[in-house]
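Engineer:
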């Protein structure tokens with residue numbers, strides 16, 4: 018059978034699956050997947066079609082069971098039969114498959130079935146089918162005797178999330194399937210589903226299959242392959258030594274690749290949306306695969322516009338109840354909920370040149386709208402008179418995404434975001450109340466105080482984006498004049514809204530990023546590189562343009578930077594130029610056309626080697642903040658600085674510094690002289706591979722009040738023991754004339770894989786501060802542990818501040834603890850621990866909370882004994898001590914389906930009461 022004929026058969030089977038009409042198709046379908054001479058693609062496609070047939074035909078089900086029962090069949094085919102059977106399972110089928118699982122000799126099949134059943138046991142999917150299967154499988158433990166390493170064996174994955182309040186959720190599932198004939202995966206699939214408003218929607222499914230890659234992998238990476246470790250290094254070495262494209266190594270590799278192409282790999286890939294196949298493609302050889310993958314984006318996402326216009330409404334809540342009252346009049350409670358949603362969109366994607374030229378253009382116009390309304394009614398009908406209260410809650414959203422993106426290859430990217438609306442209502446919510454008066458519902462006027470607010474983003478945000486984000490709310494405060502849910506919810510009508518509003522007249526945002534190379538006018542062979550980003554609102558009354566530009570000139574050794582922002586029309590520029598003799602950095606910022614700040618720093622080499630002149634100017638407006646001039650001398654193991662610093666805010670300052678080093682030691686002498694302050698420092702340092710020590714004597718004279726001494730000392734040492742590394746730091750500063758300013762620090766740091774610990778002690782005058790911090794994250798095959806601790810302690814005043822969190826979990830037990838401390842008296846502790854064992858079954862957990870003057874703890878213990886007995890104990894403790902508690906013990910023995918033997922005893926020990934005991938059988 019040729020490739021074209023095979024594709025026609027597969028497409029016919031998929032078409033029947035899409036249509037769902039399989040009358041008189043059962044015999045043909047069964048022959049397609051039972052005939053061993055048929056290609057695997059046809060057999061698997063037939064099994065997809067057989068999923069619906071197996072739901073109503075016993076003959077098809079028995080045929081699929083026969084396929085999965087024969088261990089000689091390929092594991093990929095047997096897994097396909099298993100998935101087809103699970104489209105409509107019943108109790109008998111589940112029991113039969115469980116029994117088959119216990120006897121399964123093939124690891125690939127057993128691994129997949131086991132992971133599929135265990136995932137369904139734990140699923141949170143809202144799909145009615147999966148929930149039905151979950152009940153059929155039950156909660157009994159399925160023993161795993163297979164290797165489920167995803168790198169080697171077939172496996173099924175599923176993860177589900179469910180929001181109970183919103184009644185919506187999502188499910189993602191995937192599988193990877195191996196054949197026992199190959200060490201490479203044969204097929205894979207990923208599926209996304211959504212549950213919304215009580216309905217389950219299969220969004221999309223993407224899958225593919227490939228076989229025949231083994232020879233290529235072996236020829237390239239096998240023991241005799243061109244990319245085994247020693248040969249790969251040899252090829253790289255030869256390429257570094259010569260650039261001849263006709264080298265023997267490259268020619269040999271090309272010959273290996275050409276030989277491999279004689280055995281072409283084959284496969285297919287498909288895409289489903291809403292459960293229907295909308296795309297299928299097969300390939301024969303990697304070149305055919307690449308040609309189709311490169312062609313498809315341009316063909317499918319070509320210039321043709323893809324338009325969608327959807328609208329849907331539904332009643333998701335409809336209920337009522339009538340309650341008799343003592344007055345003899347019925348009380349009616351009615352609730353109705355409706356929603357409506359619409360989506361108008363058009364998407365146009367031109368990506369035919371994406372893989373060749375890096376060019377593409379995408380245009381999207383997406384306008385979604387959604388609204389939800391819930392009406393609640395409570396009333397009494399006396400025949401001749403009626404009264405009642407009605408509430409109307411609404412939720413509304415009307416947004417859009419309208420714009421385009423243009424990829425221009427090496428020239429950059431441009432994007433446009435259209436803003437056709439002056440106001441975008443992201444969310445509007447309201448609750449209104451009505452009373453039934455004069456045969457009609459009238460708006461309820463609340464007697465509670467009305468609280469309302471309307472706030473928008475600050476003006477600087479509007480200056481940049483010409484749009485303000487606003488939110489508003491109003492509600493009626495409850496009687497205590499505070500917002501307290503749900504009291505304020507029923508205190509009167511309320512509203513909430515969030516929206517975007519234009520603050521200027523414009524129709525779109527324009528973003529441009531570009532990279533260009535411009536030929537230098539002075540040097541024809543030199544290219545100046547420019548990168549620019551800009552953001553603008555074309556057509557606006559005010560200027561909102563923001564731009565950044567970077568320029569690089571390699572020949573002139575210049576890097577330039579310019580930026581523009583709309584706030585106060587700020588413009589900025591900076592340029593750095595370097596040559597062998599000098600290096601200069603210049604910069605300036607202008608606001609509203611006036612020089613706001615400028616700077617220039619230069620380093621110039623003198624004629625003498627190692628001698629540099631340093632000059633720096635910093636101005637703020639017309640004020641000279643800094644004017645530095647001096648010399649910097651560098652020689653072997655020696656350096657010196659001699660400079661004068663002047664400025665508007667201080668008198669001239671003379672700075673002298675000398676540094677020298679020899680044999681793992683160094684000395685530093687510094688002098689700082691000005692009209693107000695004289696400062697001198699003489700220090701020495703010693704260092705080696707694992708330690709550093711610094712000491713020195715300093716003196717200062719402030720306003721000619723007399724010289725005062727300062728003693729400085731600092732030490733650092735590092736060491737290691739196995740994977741643990743230690744760092745010890747000591748810093749000390751002493752001023753004999755001011756004992757209250759003495760400072761000392763002792764800091765120890767320990768690190769290893771997944772572990773960090775800091776212990777520090779700070780001593781300031783007579784006060785001591787102790788700091789401890791630990792972060793530990795350890796993961797083992799059967800145990801995971803996370804520890805976080807951060808504490809600050811002040812012993813003199815007996816104050817503690819910190820948090821301590823511990824979490825340990827294994828297959829059998831888990832520990833969770835949290836401790837908080839603040840100040841002298843506040844302490845908060847909570848914990849949750851659990852433990853479980855199998856054969857015999859033991860289940861235990863305890864949880865508790867403790868804070869000043871209060872304590873609460875709950876314990877539960879359940880043990881399984883011989884003859885089916887279950888012994889259990891639960892205990893509750895409260896109050897400041899353990900004196901107040903309630904304890905219950907019970908003993909159960911399962912009997913027949915109509916009876917159960919049990920014994921129970923309860924002991925109560927409330928405060929100031931005598932103990933109370935209750936027991937029964």
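Residue numbers (the working numbering): 18 to 938.
Where is the CB? At the ideal position from N, CA and C, for every residue including glycine.
Fair warning: this is a prediction, and the values are worked out from it, not measured in the lab.
#1: Is DSSP giving residue 598 helix, strand or coil here?
#2: For a minimum of 4 consecutive residues, which ranges assigned as the alpha helix (DSSP H) are wholly contained in the stretch 439 to 504?
#3: Is the separation between the beta-carbon of residue 192 and that of residue 149 shorter than 9 Å?
#4: By Cβ distance below 6 Å, which residues in the same chain neighbour residue 579 in space, the five residues on each side in sequence not counted?
#5: In the structure shown, what three-state DSSP assignment does residue 626 receive?
#6: Do residue 872 and residue 841 come within 9 Å of each other at the CB atom, strictly closer than that value?
#7: Could you give the distance in angstroms between the alpha-carbon of residue 799 and the alpha-carbon of residue 770?
#8: Have a look at the DSSP bridge pairing and note the partners of residue 831.
#9: Between residue 288 and residue 372, is the Cβ-Cβ spacing less than 9 Å?
#10: Rounded to whole angstroms, what's the CA-CA distance from residue 734 to residue 470? Just pull it up for me.
#11: Taking its Cβ as the centre, do 16 or more other Cβ atoms sit within 10 Å of residue 125, making it buried, or is it exposed?
#12: Classify residue 331: buried if its beta carbon has 16 or more other beta carbons within 10 angstroms, exposed otherwise.
#13: Residue 113 lies in the alpha helix (DSSP H); which residues open and close that run?
#14: For the stretch 19 to 38 and the stretch 283 to 300, state whether three or more C-beta atom pairs, one from each stretch, are separated by less than 8 Å.
#15: In angstroms, rounded to a whole number, what distance separates the CA positions of residue 422 and residue 607?
#16: Quick one: grab the DSSP three-state call for residue 436.
#17: Starting from residue 96 and walking both ways along the alpha helix (DSSP H), at which residues does that stretch end?
#18: Could you give the distance in angstroms between the alpha-carbon of residue 564 and the alpha-carbon of residue 381?
#19: Nearest by alpha-carbon distance to residue 743: which of 40, 103, 406 and 776 is it?
#20: Using only the alpha-carbon positions, how far apart do residue 95 and residue 113 sit?
#21: What do you reckon, are the CB atoms on residue 752 and residue 731 nearer than 9 Å?
#22: Using only CA atoms, which one of 195, 492, 748 and 404 lies nearest to residue 710?
#23: Using only the alpha-carbon positions, how far apart do residue 544 and residue 385 sit?
#24: Three-state secondary structure (DSSP) at residue 154?
#25: Thinking C-alpha only, which one of 283, 479, 586 and 212 is nearest residue 178?
#26: Give the secondary structure of residue 584 by DSSP, where H, G and I count as helix, E and B as strand, and everything else as coil.
#27: Expressed to the nearest angstrom, what Euclidean distance is found between the alpha-carbon atoms of residue 853 and residue 834?
#28: Which partner residues does residue 401 have in the DSSP bridge list?
#29: To the nearest angstrom, report how far apart residue 880 and residue 874 are at their CA atoms.
#30: For residue 610, tell me which candidate among 581, 618 and 596 has the shortest Cα-Cα distance.
#31: Scan the stretch 636 to 715 and note each continuous beta strand (DSSP E) run of 3 residues or more that stays entirely inside, going in chain order.
#32: Answer yes if the stretch 614 to 627 comes into contact with the stretch 519 to 529, meaning at least three C-beta pairs across the two stretches below 8 Å, and no otherwise.
#33: When you compare only the Cα positions, how much space is there between residue 147 and residue 137?
#34: Excluding the 5 residues preceding and the 5 following residue 548 in the sequence, name in chain order all residues of the same chain whose CB lies nearer than 6 Å to its CB.
#35: Under 9 Å, do residue 809 and residue 819 count as touching if we go by C-beta distance?
#36: Determine the contact status of residue 693 and residue 675, defining contact as a CB-CB distance below 9 Å.
Structural biologist: So, to answer that:
#1: coil
#2: Fully enclosed alpha helix (DSSP H) runs of 4 or longer: 476 to 482.
#3: No, the Cβ-Cβ distance between residue 192 and residue 149 is not below 9 Å.
#4: 566 and 590
#5: coil
#6: no
#7: 18 Å
#8: 826 and 851
#9: No, they are not a contact pair.
#10: 59 Å
#11: buried
#12: exposed
#13: Taken as a continuous stretch (DSSP letters only), the alpha helix (DSSP H) holding residue 113 covers 108 to 120.
#14: yes
#15: 33 Å
#16: coil
#17: 92 to 102
#18: 26 Å
#19: 776
#20: Roughly 15 Å separates the two Cα atoms.
#21: no
#22: 748
#23: 48 Å
#24: Residue 154 sits in a helix when the DSSP states are folded into three classes.
#25: 212
#26: helix
#27: 18 Å
#28: Under the DSSP definition of a beta bridge, residue 401 lacks any partner.
#29: 20 Å
#30: 581
#31: The beta strand (DSSP E) runs lying completely inside the stretch 636 to 715 and spanning 3 residues or more are 640 to 652, 655 to 664, 667 to 678, 682 to 690 and 694 to 704, given in chain order.
#32: no
#33: Cα-Cα distance, rounded: 7 Å.
#34: 532 and 567
#35: Contact flag set, yes.
#36: no
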